[in-house]
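One point on numbering: in UniProt numbering, the residue at position 405 of the sequence shown is 405, and numbering is uninterrupted.
C-beta: ideal position from N, C-alpha, C; glycine also.
These numbers come from a predicted model, not from an experiment.
Presented below is the structure to which this report refers.
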Amino acid sequence: MIGLHTAAEVRSAEEPLLAATPPGALMQRAAAGLASVCVRLLGRVYGRRVALLVGTGNNGGDALLAGARLAGRGARVTAVLLDPGRAHPDGLAALRRAGGRVVAGNGRSAATLVSRADLVLDGILGIGGRGGLRRDAADLAAAAADGTAVTVAVDVPSGIDADTGAVDGVAFPAMHTVTFGVVKVGLVVGEGRSHAGTVHLVDIGLGPHLPSATAFQLTDADVAAGLSPPSGDDDKYSQGVVGVVAGSATYPGAGVLCTGAALRTRPGLVRYAGTAADGVRAAWPEAVVTDGRPADAGRVQSWVVGPGMGTGDDARSVLAEVLATDLPVLVDADALTLLAAEPDLVRGREGATVLTPHDREFARFGTEPGQDRVGAARRLAADLGCVVLLKGEATVVADADGTAFVNATGTPWLATAGTGDVLSGIVGALLAAGLPAAEAAAAGAHLHGRSGQLAAQHGPLLAGDLVRRLPEAVGRVRGLGAPRLGDSAA
Ligand SMILES: NC(=O)C1=CN([C@@H]2O[C@H](COP(=O)(O)OP(=O)(O)OC[C@H]3O[C@@H](n4cnc5c(N)ncnc54)[C@H](OP(=O)(O)O)[C@@H]3O)[C@@H](O)[C@H]2O)[C@@H](O)CC1
Ligand SMILES: [K+]
């Protein structure tokens, strides 16, 4: 798992580390890591034009010191100083010694320089930034966005809130962010994610001084650990039986997608109960199907309830029946609309509850998610005593105790009808397999994203493509190739 940290956590680790290292050593470590990423991105350094955007703090100092290293290798480096009287003195001296040039950041020549550079290094603001970018800085960020240079942010793209990823106005559009010590939460969520581009982590020795993370990003290896394959002793019941209540006679699609996703994630047994029974039976003969109520379906280890089932009295009574069990329940779509009107249905449940809202569904519980998506998910999770999976470009999962996960996989092509039904089926299968609820939700989002990436390799995807690619996604996450049946292990 990759721990995600806030600026305050970095500050608390920085103090003891600074006390234990010679003056300037940390900044030199940061600058060395930063310069080496820039060298890799540039390929050939000699003669290349590098523009440094330099603010008044240590973030600007990092840019100046890295710029000095690039100038030492023959790059034509120019620092654009936003407040020339307050630029980092040691960094400035190092750049000048290495042959770099300096201009003021408020003229047209600065914007021209940025637009003509091969690489623009953003050292305007790091974790000390507050509020939106001021005018001159915003103009330079816009010039970088319009130019053709490779854009690299130092520690955090300027204008991004390092804790939340929120942007107030304009922010620097980085293709790459070289971040120091730890990955900041704001680099992987909300608008921060799209502004940060590829994140490169440079170790500066903060590790031993850091408090434990409360937010995480899962890797394939983490997810694989929860997807152990069946053993010789397993049968169709022992892998976890999922119950699905989704879709309707008129719109069976949600039931078909959700059931298929559960089957393909963990092909033990899926029981379906609801009015889309005929459609589900036709699509998935492997499922055990009833058009009765959940209680008629037989024993299950988890329930998925809601997609496409409507919001009438019958749907409300089915939701209440499922929530009255002590099993893990995933509540999605129409069931979220019903639950928002009666949140006490989930407060105090014995079994775990996972809610999977998109933004509009989330808002039905009282407040819009806003720009702090991790904070919003945590608050709703704590209020209801549930796990909340807030869908988005980077899906966020929060547990009632504040533990959060930010999903790293996916593709914008996932924003299409029915993909949420697939996610519900995947997470339902992982709940039935016995994963703790927050981990099931986070691992499910990861697998869903991986499946989306596979399905989108050749362009637009449909939700059904996600279901088809799930076994391959599970295999990829577990690091398996695709051996043919009968292949020996040798
Ligand atoms: N953590 C570590 O161990 C290490 C950290 N390191 C580096 O230090 C960075 C943190 O440096 P930092 O504390 O000097 O803050 P930083 O982000 O440069 O900005 C503060 C300055 O910006 C200004 N300012 C504020 N808001 C503004 C706005 N909206 N628009 C415009 N200006 C604004 C504010 O000035 P003022 O508000 O007074 O005008 C203040 O002077 C960190 O991100 C990393 O790069 C590395 O060297 C290695 C070790
Ligand atoms: K920056």
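Looking at C-alpha atoms only, which residue of the options is the closest neighbour of residue i?
i: residue 401; options: 287, 380, 62; result: 380
i: residue 361; options: 202, 333, 150; result: 333
i: residue 405; options: 442, 376, 378; result: 442
i: residue 70; options: 53, 54, 46, 86; result: 46
i: residue 77; options: 60, 48, 83, 87; result: 48
i: residue 124; options: 156, 114, 149; result: 156
i: residue 128; options: 115, 154, 112; result: 154
i: residue 335; options: 348, 349, 354; result: 354
i: residue 323; options: 337, 312, 340, 305; result: 305
i: residue 285; options: 293, 271, 294; result: 271
i: residue 299; options: 308, 307, 289; result: 289
i: residue 193; options: 242, 161, 148, 206; result: 161
i: residue 216; options: 108, 438, 293, 421; result: 438
i: residue 403; options: 88, 80, 213, 75; result: 213
i: residue 15; options: 82, 40, 103, 205; result: 205
i: residue 424; options: 382, 327, 453, 261; result: 261
i: residue 344; options: 147, 459, 383, 25; result: 383
i: residue 308; options: 228, 421, 27; result: 421
i: residue 521; options: 26, 231, 407; result: The shown model of the chain, from 1 to 490, leaves out residue 521, and the question about it has no answer.
i: residue 505; options: 364, 325, 470, 60; result: For the chain, the structure presents residues 1 to 490; residue 505 sits outside this window and is missing.
i: residue 456; options: 411, 41, 433; result: 411
i: residue 230; options: 203, 269, 210; result: 269
i: residue 203; options: 25, 42, 105, 292; result: 25
i: residue 37; options: 317, 121, 342; result: 121
Considering only the beta carbon of each residue, do residue i and residue j sit closer than 8 Å?
i: residue 514; j: residue 279; result: There is simply no residue 514 to check, as the chain begins at 1 and stops at 490 in what is shown.
i: residue 505; j: residue 132; result: One cannot answer for residue 505 here, as it falls past the ends of the chain, which runs 1 to 490.
i: residue 219; j: residue 2; result: yes
i: residue 137; j: residue 173; result: no
i: residue 418; j: residue 257; result: yes
i: residue 301; j: residue 240; result: yes
i: residue 467; j: residue 450; result: no
i: residue 112; j: residue 86; result: no
i: residue 346; j: residue 339; result: yes
i: residue 114; j: residue 143; result: yes
i: residue 315; j: residue 276; result: no
i: residue 447; j: residue 413; result: no
i: residue 149; j: residue 119; result: yes
i: residue 166; j: residue 371; result: yes
i: residue 356; j: residue 327; result: no
i: residue 33; j: residue 50; result: no
i: residue 348; j: residue 385; result: yes
i: residue 79; j: residue 64; result: yes
i: residue 265; j: residue 287; result: no
Can you tell me which of the three DSSP states residue i falls into?
i: residue 484; result: Low confidence applies here, because residue 484 scores a pLDDT of 45, under 50, leaving its location unreliable and the question unanswered by this model.
i: residue 122; result: strand
i: residue 426; result: helix
i: residue 4; result: strand
i: residue 13; result: helix
i: residue 476; result: helix
i: residue 77; result: strand
i: residue 467; result: helix
i: residue 19; result: helix
i: residue 32; result: helix
i: residue 490; result: Low confidence applies to residue 490: its pLDDT is 38, below 50, so where it sits in the model is not reliable, and the reading given next is rough at best. If DSSP states are grouped into helix, strand and coil, residue 490 belongs with coil.
i: residue 403; result: coil
i: residue 26; result: helix
i: residue 49; result: strand
i: residue 491; result: Residue 491 lies beyond the residue range present for the chain, which begins at 1 and ends at 490; the question has no answer from this structure.
i: residue 397; result: strand
i: residue 179; result: strand
i: residue 337; result: helix
i: residue 442; result: helix
i: residue 323; result: helix
i: residue 300; result: coil
Taking only beta-carbon positions, decide if residue i is within less than 8 Å of chain D.
i: residue 232; result: No chain D is present in this structure, which holds just one protein chain.
Write down every uninterrupted run of the beta strand (DSSP E) in the stretch 206-293 whose length is 3 residues or greater and which is fully enclosed by it, in chain order. 215-217, 241-245, 269-273, 288-290
Closer than 7 Å: residues whose CB approaches a heavy atom of ligand 2: 59, 122, 123, 124, 125, 126, 153, 154, 155, 156, 157, 158, 172
To test your reading of the DSSP string, which unbroken alpha helix (DSSP H) runs of 4 or more residues are found completely within the stretch 339-380? 359-363
Output the residue ranges of the alpha helix (DSSP H) runs that lie fully inside the stretch 86-162 and measure 4 residues or longer, sorted by chain position. 89-97, 108-116, 135-146
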